[in-house]
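**Student:**
In the working numbering, the protein residues as written are 1068 to 1193.
1. Let's see if you can read the secondary structure: which residues bound the beta strand (DSSP E) around residue 1148?
2. Could you name the residues of the same chain whose beta carbon sits closer than 6 Å to that of residue 1088, not counting the 5 residues immediately before and after it, in chain order?
3. Suppose you measure from the CA of residue 1190 to the CA of residue 1111; what does that come to, to the nearest Å?
4. Short check: CB of residue 1184 to CB of residue 1128, under 9 Å?
5. What are the complete beta strand (DSSP E) segments, minimum 3 residues, inside the segment 1089–1136?
6. Quick check on this structure: which residue in 1109, 1135 and 1159 has the alpha carbon closest to the alpha carbon of residue 1188?
7. For residue 1130, I'd like the list of residues in its chain whose CB is within less than 6 Å of its CB, leaving aside the five on either flank, ordered along the chain.
8. Looking at the structure shown, is residue 1168 part of a helix, part of a strand, or coil, going by DSSP?
9. Taking the straight line between their C-alpha atoms, what separation do you get for residue 1156 and residue 1146?
10. Between which residues of its own chain and residue 1178 is the CB-CB distance below 6 Å, once the five residues before and five after are set aside?
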């Protein structure tokens, strides 16, 4: 690539580097509840967008990896708190929990008793 095309690519790369952005971070939030569902929670961690969706009550846990949107999941909730501070979904041996704990608000993923991921939630949803 030469000339004007090369210059545009360079300007795009420099602009994103100077701003500390990636093309994914510059786009709108890609995770949404289905059109017929209510959104009970819309939040994020450093690595994931997370939604809790349903009808009259919370019913589904959804999460999408920010770096690789193909890594997403939608699961029925196994448990949730009417206060809106605890949501749990299970997929085989894996348990996904979005909860306000005495130490903070976290997304936690466990396999059996082994914690695989714990990330703080960046913004409170209630």
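No residue lacks a Cβ here, since even glycine has one placed at the ideal position from N, Cα and C.
**Tutor:** According to the structure data:
1. Membership of residue 1148 in any beta strand (DSSP E) is not indicated, and neither H nor E is assigned to it by DSSP.
2. Bear in mind that a pLDDT of 39 at residue 1088, under 50, signals an unreliable position, so the number given afterwards is only what the model happens to contain. Closer than 6 Å at Cβ, skipping near neighbours: no residue.
3. C-alpha separation (whole angstroms): 7 Å.
4. no
5. For the segment 1089–1136, whole beta strand (DSSP E) runs of length 3 or above, ordered along the chain, are 1105–1111, 1115–1121 and 1125–1132.
6. 1109
7. If we look at residue 1130 and ignore the five residues flanking it on each side, its Cβ neighbours are 1115, 1117 and 1140.
8. strand
9. So the two alpha carbons sit approximately 7 Å from each other.
10. 1160 and 1161
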